[in-house]
Every structure is written in structure tokens, then in C-alpha cells.
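Residues 40 to 279 in the numbering used here are what the sequence shown lists, from first letter to last.
C-beta: ideal position from N, C-alpha, C; glycine also.
First up is the structure itself, then whatever we jot down about it.
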Amino acid sequence: MSGSDLSRLLLALQFTDSSFPSGMYTLSHGLEGLAQRGEVDARRLPEVLHAMLRHAIGPADSSALALAWAATRAHGGDAPDETQWLDAVTRIDRRLHATRLTRELRDGATRTGKQVLDLAAELLDDPVVSAWNAHVKARRSPGSQSVVMGVVYARGGLDQRDAVAADLTAVVISLAGAALRLRLADHRSAQALVRGAAPVVEEVADAAVGAALEDLGGFAPVLDLASCHHENSDARLFAS
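In C-alpha cells form, the structure reads like this:
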């Protein structure tokens, strides 16, 4: 493995680590709402996770990440055409934001996105990442987490498929952590959950790489209903 390959791997490992201060630990990505409604238990957890990846997260977040990566690679060089590049990524970000039907899902995605983006701008000292950070801080775009990671990973040198797979892995690890706290899994079964999701991560990453902007958005009505119930529930562990 060359030094440049290793540096890209290290970047992905840092941003996908569960200790990275993204705030993702506050999110269950809809899992708590499903548990409250009796839609998931320990036995059904792998099936539910795979469905979330295929029908909700993949067609929405993963596709948006792939599109943001492509836009950044096309227009976001060291001296980017900021008008063309910012317009392209903003269209992706706004489209993704509009597909989220509940406030808790919108707020969770942008809260974590802004936290990651602000820290990434500091860590990478990259003109393109810094320009996107300034654009989001000026409230010209929502700042969804997956779009942020598309920009960050493009500038970090990851290829498109690896970037999508890295972010999906971070989501799977976050979901496994949520399952632990919801008592849907123990530590061993949580790791089995992560490992068992690997083929689905590959499948979803391949689909996301070929996505078009007009196709952006998932279809998971049970998850949307659970999120509606969750954001109005009297007691909850997670923000989403």
C-alpha cells in the first residue's frame, strides 16, 4: 500500500470512528421509533437494519454523498469555480433535506453535518472544505452530514465507492450502538450485526455511485411513521 493510499485509509478511519465528535451517538436513525412501535426486536434487527440501508439511507444519504463527491471532484479544485461548484452541491443538499419528512430527521442530519464540517475545516485546512463550511454557516445550504462527507472525502482523495462505503459503515456502527442502548443487542451480537451488514453496504454503495439527482430520496413509510411518533413521544433516549 502506497503512502497516499494509507493516508486516505487513515482519513476514513478517523471520520468513521465512533469516538469522532460528530454527535451521531445522539441519533438512532429511526430505530428507537421502530422499537417503540413494536416494529423491531432482537430477532428482526438484522432484517430491519438491511431494509433501512437499502430503502432509506442508501437511496437518500448515500446517493447524496456520491453526488456531492462527484460535484466536488468536477468543480472543486484547489482554485475552484465557486459559483458552479457551490451551486451544484447546494442543489444536492437542498434536495436531500427536502426528502426528509420529519423535523427530527432533518435536524439530526444537519446538526451532525455542521459539527463534522466545522471540525473537518480545522483538521484538513483545505480551501474547498473551508469554502463549504463558510457557505453552510451563512445559511445558504442546510449542511446535511452525508453531503458534508461527500465534500470531505472527495478532497481527502478517497474514490467514490470507498467514500460511500466508509460513511455507510459509520451509520451501521452508530445503529449497532443504538441497538445496544435500546437493549436490542449485546456487545457480541452488535458486532455480528456490523459484520453481517458488510455485503449490504457493498450493494448499497454500488447503487449509490450510479444515482442521479432526480432519483434522490428513499421510500420507507414504516420508518417515516415511526419517526413521526418518536418526535412526539413523552420519553426517548435519542434525538431521532
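Express the C-alpha separation of residue j and residue i in angstroms, rounding to a whole number.
| i | j | result |
| --- | --- | --- |
| residue 91 | residue 159 | 27 Å |
| residue 185 | residue 61 | 12 Å |
| residue 246 | residue 209 | 18 Å |
| residue 67 | residue 211 | 10 Å |
| residue 54 | residue 251 | 26 Å |
| residue 163 | residue 141 | 33 Å |
| residue 168 | residue 149 | 16 Å |
| residue 256 | residue 87 | 18 Å |
Taking the alpha helix (DSSP H) that residue i belongs to, which residues open and close that run?
| i | result |
| --- | --- |
| residue 110 | 102–114 |
| residue 194 | 184–195 |
| residue 248 | 237–248 |
| residue 180 | Segment: none, residue 180 is in no alpha helix (DSSP H) and carries neither H nor E. |
Quick one: what's got a C-beta closer than 6 Å to residue i's C-beta in the same chain, skipping five residues either side?
| i | result |
| --- | --- |
| residue 223 | 81, 84 |
| residue 41 | With a pLDDT of only 38 at residue 41, under the threshold of 50, the placement of this residue in the model should not be trusted; the figure read from the coordinates follows. Within the same chain, residue 41 has no close Cβ partners at all. |
| residue 259 | 94, 95 |
| residue 203 | 101, 104, 105, 244, 247 |
| residue 73 | 79, 265 |
Say whether chain C places a C-beta atom closer than 8 Å to the C-beta of residue i.
| i | result |
| --- | --- |
| residue 49 | No chain C is present in this structure, which holds just one protein chain. |
Only counting the same chain, and skipping five residues up and downstream in sequence, which positions put a Cβ closer than 8 Å to that of residue i?
| i | result |
| --- | --- |
| residue 350 | The question about residue 350 has no answer, for the chain in this structure spans 40 to 279. |
| residue 226 | 219 |
For my contact list, residue i and residue j are in at a C-beta cut-off of 8 Å; report their separation, rounded to the angstrom.
| i | j | result |
| --- | --- | --- |
| residue 131 | residue 110 | 7 Å |
Excluding five sequence neighbours on each side, which residues of the same chain lie with their C-beta closer than 7 Å to the C-beta of residue i?
| i | result |
| --- | --- |
| residue 229 | 215, 218, 219 |
| residue 129 | 179, 180 |
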